[in-house]
Each structure stands twice: as structure tokens, then as C-alpha cells.
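Asks: Questions regarding the structure given below will be posed in turn.
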Amino acid sequence: MKTNTFPASCPLCGGEKQAGKTTFTVDLGFGVVVVREVPATVCSQCGADWINDTIAEKLEKIVDDARERHNLVEVTTLT
4 MKTNTFPASC PLCGGEKQAG KTTFTVDLGF GVVVVREVPA TVCSQCGADW
54 INDTIAEKLE KIVDDARERH NLVEVTTLT
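Just so we're aligned, residue 4 is where the sequence shown starts under the numbering used here, counting upward by one.
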């Protein structure tokens, strides 16, 4: 089984990547979804961030739920 390996340094600036948190924002056209405190890998130099597949699946569900409710603004944290 092949596992994904990612470089320890940021491919954008060469800075150090480390565990952190980010804010995920989606513009739905009719409204906006903002998810705060999302676990991510974050570059300590430029602030670029990467979200793993498991977290991305949770974010997709939050966005889909907000789209169904047709909210103008939805702000939440990842739980």
C-alpha cells in the first residue's frame, strides 16, 4: 500500500511546515461559509496551509449542509 508523503518544507517558500489551525472559507454565491479552527499543516514562514483528506471530507459535509439550508452566512468550528 502506497502512502502519501509530503515534503517537510513548504513547496512555496521553503519555510518549515508544522501542525496548526486555519480558517476555511467558501463562497456559495448566495452566501458564505466560514469554518474556524480547522486542523491543518501550516507554513511558519508564509502561512500557506494544507488540510488532510479526513478533515476535507468533514468540511464538505458542513458546506453541503449550509447549501441545503441556504444561509447567507454560516460561521462554525470544526467539531
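Cβ atoms here follow ideal geometry from the backbone N, Cα and C, with glycine treated the same way.
Among E77, R70, D68 and T25, which residue has its Cα nearest to the Cα of V45?
Replies: Residue T25 is the option with its Cα nearest to V45.
Asks: How would you write the range of the beta strand (DSSP E) that A43 sits in, first residue to last?
Replies: First-last of the beta strand (DSSP E) with A43: V35 to C46.
Asks: With 16 other CB atoms within 10 Å as the buried threshold, where does C13 fall?
Replies: It is buried - the Cβ of C13 has at least 16 other Cβ atoms within 10 Å.
Asks: DSSP three-state label for A69, please.
Replies: DSSP places A69 in helix when its eight states are reduced to three.
Asks: Spell out the partners DSSP gives E77 in its beta bridges.
Replies: E77 pairs with V36.
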